[in-house]
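Below is one structure, written out as structure tokens, with a few remarks after it.
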Amino acid sequence: MRTELVSEPGDQAFPNEDFASVGLPASGQGGSLVLLDGVTPPRGGTGCLHSVPWFTARLGGALTELTVSHPDVPLAEALAAAVARTSAAHAETCDLSHPRTPQATVALARWSPETVEYLVLSDAVLLLAAPDGTVTAVLDDRLDRLPRALLASAEICDAEARNKEGGFFTAAADPAVASRAVTGSVPRAGVSALAALSDGAARWTETFREGDWTDLFARLRKEGPAALVRRVRELERADEERVFLGRGKRHDDATAVYAEL
341 MRTELVSEPG DQAFPNEDFA SVGLPASGQG GSLVLLDGVT PPRGGTGCLH SVPWFTARLG
401 GALTELTVSH PDVPLAEALA AAVARTSAAH AETCDLSHPR TPQATVALAR WSPETVEYLV
461 LSDAVLLLAA PDGTVTAVLD DRLDRLPRAL LASAEICDAE ARNKEGGFFT AAADPAVASR
521 AVTGSVPRAG VSALAALSDG AARWTETFRE GDWTDLFARL RKEGPAALVR RVRELERADE
581 ERVFLGRGKR HDDATAVYAE L
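Spelled out as structure tokens, the structure:
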């Protein structure tokens, strides 16, 4: 089995807010993949004493353990349990009701000899490749479908859209958010490889239009995640006029995981 993972901060002066892991049970039967993209808060308070990297490390660690050690628990239930466990770790010291309490987007996959299960919440990306080369993108596109007016400022977004009905959802402090995730399963025989991307790595397709998801997957298969992230960085540096990046960050944390089953 081939697995490769790279996670690179957008700015070396600041901690990487992403998390990624691949868990392989001692039984050798199946495995799991976890990717979290921590949401960078705007300037100002978050109601929390802890950083986003603290949160993603806690949540990601819990998800890695739960998805491997409890293979019969559905991924949505594993996410709910991991969120509850992480919330309990700082509920007594922090205001978890704050709209900017530490939070993350999520991509999960777990495979057994029979099935491949998946879960995506917010703008992380999960790609499933079939033996014939067909690539299926599992996406939660609620953020993309929001009226631009709701994203005009952090204040408007927090008040009207973030973790609200009719808006979009991230893994924060409420375990019930797991029921909002895009979930499903497919036969294991229909998946030969899979990949997960934070939106910083997905810029190759979503921002710079270097190719579609099938092209991106082919690049991962041939050159690996590190080469994909290097190319994204080249494209970011070359976009001096911000034709593609617009008001977005020049460099975002970029994480990519590739696994052949």
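Residue 469 in the working numbering sits at position 129 of the sequence shown, with consecutive numbering throughout. Backbone N, C-alpha and C define an ideal beta-carbon position, used for all residues, glycine too.
Residue state for Glu357 is assigned as coil, using DSSP reduced to three classes. Bridge partners of Gly524 according to DSSP: Tyr458. Contact check for Phe395 against Gly384 fails: the beta carbons are separated by 8 Å or more. The shortest C-alpha to C-alpha distance from Arg590 to any of Gly400, Gly350, Leu345 is the one to Gly350. Straight across, the Cα-Cα distance linking Leu399 with Pro453 is about 26 Å.
Excluding five sequence positions before and after Ala424, the CB atoms of its chain that fall closer than 6 Å to its own CB belong to Pro515, given in chain order. Asp592 and Gly551 do not touch by the CB rule: their CB atoms are close to 19 Å apart, not below 8 Å.
When DSSP states are grouped into helix, strand and coil, Ala596 belongs to the strand group. Distance check between Glu432 and each of Gly401, Val465, His390, Gly524 places His390 closest, using alpha-carbon atoms only.
Shown here, Thr404 sits in a helix according to DSSP, grouped into three states. Within the same chain, Cβ atoms closer than 8 Å to the Cβ of Ala501 are found at Leu486, Leu490, Leu491, Gly507, Phe508, the five residues on either side in sequence being excluded. Pro382 counts as exposed, since fewer than 16 other beta carbons sit within 10 angstroms of its beta carbon. One thing to note: Asp480 has its Cβ within 8 Å of the Cβ of Leu461.
In terms of CA proximity to Gln443, Thr426 leads the group Thr426, Leu415, Val522, Glu495.
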